[in-house]
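>
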Amino acid sequence: MIETCLKYRDAFSHLSRIDKYFLNCPSEEEWERVEKIARVLEPFYDITKLFSGTNYPTANLYFHCVWKIQLRIMEQLEDDDMIIRAMAKEMKEKFDKYWEYYSPVLSFAVILDPRYKLQCVEFCYGKLYKQEAISMAANLRDTLYGIFEEYKNSTSDICNVVEVASSSGGVHAVHDFEEESLVEDFGNLSLSQSSSFVDED
7 MIETCLKYRD AFSHLSRIDK YFLNCPSEEE WERVEKIARV LEPFYDITKL FSGTNYPTAN
67 LYFHCVWKIQ LRIMEQLEDD DMIIRAMAKE MKEKFDKYWE YYSPVLSFAV ILDPRYKLQC
127 VEFCYGKLYK QEAISMAANL RDTLYGIFEE YKNSTSDICN VVEVASSSGG VHAVHDFEEE
187 SLVEDFGNLS LSQSSSFVDE D
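Numbering-wise, the sequence shown is residues 7 to 207 according to our numbering.
(1) Evaluate E184 with the Cβ neighbour count: other Cβ atoms within 10 Å of its Cβ, from every protein chain shown; 16 or more gives buried, anything less gives exposed.
(2) Only counting runs of 4 or more residues, tell me where the alpha helix (DSSP H) segments fall wholly within the region 53-100, in order along the chain.
(3) So F28 and S22 are in contact, right, with Cβ under 8 Å, and what is the actual spacing, rounded?
(4) What would DSSP say about P110, mapped onto helix, strand or coil?
(5) Three-state secondary structure (DSSP) at K42?
(6) What do you get for E106, buried or exposed, if any count of 16 or more other CB atoms within 10 angstroms of its CB means buried?
(7) What does a CB cutoff of less than 8 Å around I90 pick up in its chain, not counting 5 residues either side in sequence?
(8) Does F28 come out as helix, strand or coil in the three-state DSSP assignment?
(9) Who are the Cβ neighbours of F101 in its own chain at under 8 Å, not counting the five residues just before and after it?
(10) Considering only residues of the same chain and omitting the five flanking positions on each side of I140, which have a CB-CB separation below 6 Å?
(11) Here's the rule: buried if 16 or more other CB atoms are within 10 angstroms of the residue's CB, otherwise exposed. What is A92?
(12) Any C-beta of chain D sitting closer than 9 Å to the C-beta of L146?
(13) Alpha helix (DSSP H) containing E128: first to last residue?
(14) Please state whether DSSP places M7 in a helix, a strand or coil.
(15) For E34, which option in Y157, G132, L12 and E155 has the closest C-alpha, if you only look at C-alpha atoms?
(16) Which residues in the same chain as A85 place their Cβ atom closer than 6 Å to its Cβ, once the five residues preceding and following it in sequence are excluded?
(17) Let me know the secondary structure DSSP gives P120 once reduced to three states.
(18) How would you call V111, buried or exposed, if buried means at least 16 neighbouring beta carbons within 10 angstroms?
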C-alpha cells in the first residue's frame with residue numbers, strides 16, 4: 007500500500023491544488039517520512055515473501071535474512087527522524103526477544119558454505135558488533151571445531167555413505183536473495199582475501 011501511494015505522490019499533490027475539498031494531502035515532510043518507512047520495511051517484506059515462497063529454507067539462508075534485518079534496524083536507530091528512531095526501537099525490542107543471539111547452527115551453515123566461510127561471519131558480526139566481532143567469531147570457530155572433533159572420535163571406525171537428494175522449491179528465490187543482499191556487501195572482498203579462506207582450511 008505504501009509503495010502504491012508513493013507512485014501517485016504527484017497525483018495527490020495535483021488533486022490538492024484543484025479540489026478544495028481534498029484537505030488531507032500529505033506535506034513534503036510527511037512524504038519524505040513515508041519514503042523512509044518504505045525503505046525500512048522493504049527488506050522485511052522481501053524476506054517474508056522469500057520464506058513463504060521457499061519450500062525448504064536452508065540454515066544459511068536464515069542467517070543471511072536475520073542478519074540483514076538486524077542491520078537495517080540498527081541503522082534506523084541512528085536516523086535523524088525521531089519517529090523512525092522510535093519505530094526502530096520498538097522493532098529492536100521484538101527482534102531481541104527472539105533473535106538477539108543467533109543460533110550457532112545458523113552460523114555453522116555459513117561457515118561450511120564454500121562461498122562464504124568463517125570470514126563471512128566475521129564480516130557480518132563486524133557490521134553489528136564492531137570490536138566484539140573477532141572474539142565472537144573465534145568462539146564460534148572453537149565451538150565448531152569441538153563438535154567436529156567429537157563427531158570424528160565417535161565415528162572413527164565407521165564409514166557411512168549418504169546420498170543427498172537435492173530439494174526443489176524456492177531455489178531460484180534463495181539464489182536471487184543472496185546475490186542481492188549478502189553478496190553485494192561481502193562479495194566485494196578481493197580475491198586475495200578469498201584465497202586466505204583456503205589457506206585457513
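From the three backbone atoms N, C-alpha and C, an ideal C-beta is built for every residue, glycine too.
To lay it out plainly:
(1) Residue placement at E184 is poorly supported in this model, since its pLDDT is 47, which falls under 50; the coordinates still yield a value, given next. Buried.
(2) Correct list: 65-82.
(3) Contact holds; Cβ gap of about 5 Å.
(4) Helix, per DSSP.
(5) Helix, per DSSP.
(6) Taking a 10 Å sphere around the C-beta of E106, we find fewer than 16 other C-beta atoms and assign the residue as exposed.
(7) Correct list, in chain order: R39, K42, I43, V46 and Q82.
(8) Correct three-state label for F28: coil.
(9) Result list for F101: I75, Q76 and I79, in chain order.
(10) Same-chain partners within the cutoff: there are none.
(11) Label assigned to A92: exposed.
(12) In the structure shown, chain D cannot be found, because there is only a single protein chain.
(13) K123 to Y135 is the span of the alpha helix (DSSP H), which, as asked, contains E128.
(14) Residue state, collapsed to three classes: coil.
(15) Ranked by how close their Cα comes to the Cα of E34, the residues Y157, G132, L12 and E155 have L12 in first place.
(16) The amino acid at residue 85 is misidentified as Ala; the sequence shows Asp. Shown here for D85: same chain residues with a beta carbon closer than 6 Å to its own, the five before and five after excluded, namely R91 in chain order.
(17) Residue state, collapsed to three classes: coil.
(18) Of the residues assessed, V111 falls on the exposed side of the cut-off, its CB having fewer than 16 other CB atoms within 10 angstroms.
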